[in-house]
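Numbering (the numbering used here), first residue to last: 529 to 1734.
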């Protein structure tokens, strides 16, 4: 009997079909389960006979065999690997015929439980993947026996771990070192191990000495395994691996498959893998799958798990004897947990550490100290450390021997978790293979991958017949950089399948995102519906918000991601042609070849006609969207070598007018790893927040995805109306994250996505030779904090990143920065609260009420910006507070000093909420109900089943009635036409006399009208809470006007207890401007409402629209801007005098600040102040405006003369 078996690290067992020459007999050998045996068609009896199973190439392995089919084995494959109890075998009995002797054919059995079975001997467990150790004593056969092999000794116990040398192995295709006198075969260099390996195999009794000697010699001396393998592996390990190779050869011979098992051994923090590789340039090889598993389990590239170091070597010879399989190789992988120096192990290291002795594995550092490798690693690590984003890829490429050495360094994170396996695939794609590669995890969070690449055999270079090796290396680096920023998806698989190049796949990936987000539409019928709705009833005052909601409900769904992918998958030839068109329009090389002349768009082309002729309902409209994308890009960073995401500055004329009647000025579309980004602005000079949208379920992600751009459009449009009396128009950015499983993962992605979003935005804002500019003018964006971006120093980082990249606008790029960066924190100074309280004081003055006697219900408590500042700055009698913690209520009034104590805790960095209110201070009818409470009874006997639900609807509860309702927090649309009746008592009397909104869209427009029609005095958010945007605008102004030195001296607060004198005065004057603007708009709205009887909520929109229209008209005419006297007059009135003329003259200001920004200040001041002084709902003539301008100039002359007289 000859038994050759190898345990595999998974439940695979091949199905073998064995046939006698000329097809006279055949046998199946396969794995069986408890549920099924051989197929019925193959379970018939087969005549037994002596069969010459091995062709001449295998004659040295075993003599001819005779074969009979056994029943199901009684022993399970679990002998080979635990956990496979249901995996018994249907196996062949192989008997040796020696010395020409014969024997009668064995009986042939049909598979049945009653038939005798042939079992694998227990000793087969010794060929396990776990260093050859077995917990079971081996059995004996043919007089042979084997003792227990014992557990191998871990390399870490050998007094110093061997380290593979980068460059110590024989390169495939180099000079044959066996021809040199210094050459010693591996079997001689490791003679003791070599003999022990043969002895171990011989003791098993499964293989003849001839078979063992022939295969051991090939394994050590001809397969071309790296010496590091023999240097570090135990004899037991080598014996086990060699047995697997022999088994694979037999499998290849009889099953006609080139399968090779993946062998994996783990012990004491060290891992060894042996897997098949190929020199064939083909898709998704076994090696790619193996490396994906290694990456997932051991390399820790996501930054979540402890990383292993890795060394990988490819054999230079084939492990199959058949010439047809000469390209097949083996890869050996050695993985070890790094051992850092004692100081690093004890104290850790800073992410900015550059001392390699503290960062590298101690054995590796000792081996590489003062070498070229150490110098390369030092330089690359320093580049990664200097990169403030922590997300760029740094590459070193140098010729080495007949190939190239490539080192890639990056900081580990979620964006790099699958980079290693995709790197290997890119190498193969461009006609190379990795002879050896290494992964070194540095202790500071940096990983460095080193790979030595060689050309594939000439017959595998059919895709590059005339391309030089150096050019292919250049393109390989570009492909690697593109792979680095792409999210693994079906589009990357198209590249792995060689159906598209990496860049074509990246293009298709980006455009697919564009189609998903921009292909939905309400269609042309919406315009008619809008006109009809406006013509009837109260809908004559249909607001922007209501139009948006109606449009959203009628919008047809866009093409799904799956539909787009199916079209791309079915028409890769069309994608290639569309990519060529994309290149012709936007590639810097094509632009240079045309003599730096932009290519004009051609609407009617053969490509368009071919697309229209496709016989598919989805393909033509989807592929034409690709052309729409190509046409409307004005800038892209697609061909920049270093980038963190793909960014496309779009001309907005592609937006359907029916969907977006007021087109934004500009759109930035960004596609990156784990996110899609949008930025829309309604003016050349615009400012707005950037928010991150997180999704924790598939349903929430799909909902957020379907509304992402519409949300951007709505928020930017609303911001544009709110910004009517500051120079910046409205803008908004949204970063839509991929679905995450936890909040911690979402927060980690938020940081990385925000940085990639900002960096890619800078790519298309700043001049770069790799970005073709079809816009022809300089642009700048001003950003602010919003959901998930207001903490963690993200705004400060964005400004500093702009500075690193030499952006002239870096100081003004973001607002919401810390005072140390020149920021003016809204919450610290209560900027938004200043405008809200001005409206409240205006109402009280008009109604002749004392502040201390007015009761207030506040939504938003001491833990928020608006709630805490309202408690600190107002003297009204607060009777109710609803915040995230629950409901606090006292009809007699809550203690103002206790409320201010809670509010101050927020600014002291302490946790605070309404639930921390001292219960002793409550009156008999007062109460606190936490959102976590259950089954609570209120003082009046009311039972509250759920504190959470009670909190969510308390603003509708009659107990919460007060003079003033001031929502400064809470969810949008908390009051709608469907529940607005709860805002009135049983007699129809309003529960609140006055409503001043602080939170955005807490009450819908229709509900606002219903409240005003029934006597409530209401001022909406777009008028009341603009103090924050006014403060941010002045923060931008100071940053643009001052030099870096002046900014550091006057605006950057190094000592919070003693800010610069200029800073203190500037903040105070900004606060005065906020209150002045609020008073002017309040009075205009109050008077016009009394005069016309129209709801103030609608008048806010009318006033905003008229100011913005006049602003645009002033810009278009340009004649007023040419009047220097008028310009100086307006700028002196519009700007804080501590800046102009206090710090600089008006002439200096005009030299420093971009003209477009100063012109925007001039326009918005003229337009807003004119309408604030007029009966703005009337159709005012141009004469009224010019009369206003004349009085403005006369007033300035009079003021100047008085100053001169004094």
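Virtual Cβ for every residue (Gly too), placed ideally from N, Cα, C.
Neighbourhood of residue 750 by C-beta, 7 Å cutoff - its chain only, sequence neighbours within 5 removed:
These residues qualify, in order along the chain: 845.
Starting from residue 978, follow the beta strand (DSSP E) in both directions and report where the run begins and ends.
Element bounds for residue 978: 974-983.
Where the alpha helix (DSSP H) containing residue 1625 begins and where it ends
Where residue 1625 is concerned, the enclosing alpha helix (DSSP H) stretches over 1624-1645.
Report, in whole angstroms, the separation of the C-beta atoms of residue 1750 and residue 858, which I expect to be a contact under 8 Å.
Residue 1750 lies beyond the stretch modelled for the chain, which goes from 529 to 1734, so this question has no answer here.
Span separating the alpha-carbon of residue 1352 from that of residue 894:
51 Å
Would you check if the distance between the CB atom of residue 1208 and the CB atom of residue 1241 is smaller than 8 Å?
Result yes, Cβ atoms of residue 1208 and residue 1241 sit closer than 8 Å.
When the Cα of residue 1248 is compared with those of 1551, 756, 1520, 1043, which residue comes out closest?
1551
Please report the distance separating the alpha-carbon of residue 1630 from that of residue 1623.
11 Å
Check whether the Cβ atoms of residue 1013 and residue 1087 sit closer than 8 Å, and answer yes or no.
In this structure, residue 1087 does not lie closer than 8 Å to residue 1013 by Cβ.
Whole-angstrom Cβ separation of residue 980 and residue 928, contact assumed at under 8 Å?
6 Å
In chain order, what residues of the same chain lie with their CB nearer than 6 Å to the CB of residue 1451, ignoring the 5 residues before and after it?
Apart from the 5 residues on each side of it in sequence, residue 1451 sits with its Cβ closer than 6 Å to the Cβ of 1418, 1420 in its chain, given in chain order.
Label residue 1031 either buried or exposed according to how many other C-beta atoms from any shown protein chain fall within 10 Å of its C-beta, with 16 as the threshold for buried.
Answer is buried; the Cβ neighbour count reaches 16.
Euclidean distance between Cα positions of residue 1019 and residue 1004
18 Å
Checking 8 Å against the spacing of the C-beta atoms, do residue 1486 and residue 1519 come in under that value?
yes
Would you check if there are 3 or more beta carbon pairs closer than 8 Å linking the segment 1287-1305 to the segment 1099-1117?
yes
Residues that DSSP places opposite residue 1208 in a beta bridge
1195, 1260
Around the Cβ of residue 1231, are there at least 16 other Cβ atoms within 10 angstroms (buried) or fewer (exposed)?
exposed
Cα-Cα, which of 1167, 1163, 1168, 1189 is closest to residue 1178?
Measuring C-alpha to C-alpha distances from residue 1178 to each of 1167, 1163, 1168, 1189 identifies 1163 as the nearest.
For the 8 Å Cβ check, are there 3 or more pairs between the segment 1355-1372 and the segment 1602-1611?
yes
Pop quiz: residue 841 and residue 964 are said to be a contact at Cβ under 8 Å. What is the actual Cβ separation, rounded to whole angstroms?
5 Å
Less than 8 Å separating the beta-carbons of residue 1395 and residue 1318?
no
How is residue 1760 classed by DSSP in three states: helix, strand or coil?
For the chain, the structure presents residues 529 to 1734; residue 1760 sits outside this window and is missing.
Could you say which of 1254, 1284, 1143 lies nearest to residue 1200 if we only look at CA atoms?
1284
Are the CB atoms of residue 1340 and residue 1666 within a distance shorter than 8 Å?
no
DSSP three-state label for residue 937, please.
DSSP, read as helix, strand or coil, puts residue 937 in strand.
Applying the 10 Å Cβ sphere with the 16-neighbour rule, what's the burial state of residue 1252?
buried
In angstroms, rounded to a whole number, what distance separates the CA positions of residue 1196 and residue 1293?
10 Å
Return the chain-ordered ranges of every alpha helix (DSSP H) run that is complete within the segment 1298-1342 and spans a minimum of 4 residues.
1322-1332
Going by C-alpha distance, which of 1134, 1158, 918, 1282 is nearest residue 1204?
1282
Reference residue 1384; option with closest CA among 1402, 1695, 1392, 1390:
Nearest C-alpha to residue 1384: 1402.
Assigned exposure category for residue 915 - 16 Cβ within 10 Å defines buried:
Label assigned to residue 915: buried.
Coarse secondary structure for residue 1464, derived from DSSP in three states:
In the displayed model, residue 1464 falls within a strand according to three-state DSSP.
Note down the Cα distance separating residue 1687 from residue 1643, rounded to an integer number of angstroms.
8 Å
The segment 1489-1506 / the segment 1462-1479 touching (three or more Cβ pairs under 8 Å)
no
Which partner residues of residue 1216 appear in the DSSP bridge assignment?
The partner list for residue 1216 (beta bridge, DSSP) reads 1311.
When you compare only the Cα positions, how much space is there between residue 1710 and residue 1703?
14 Å
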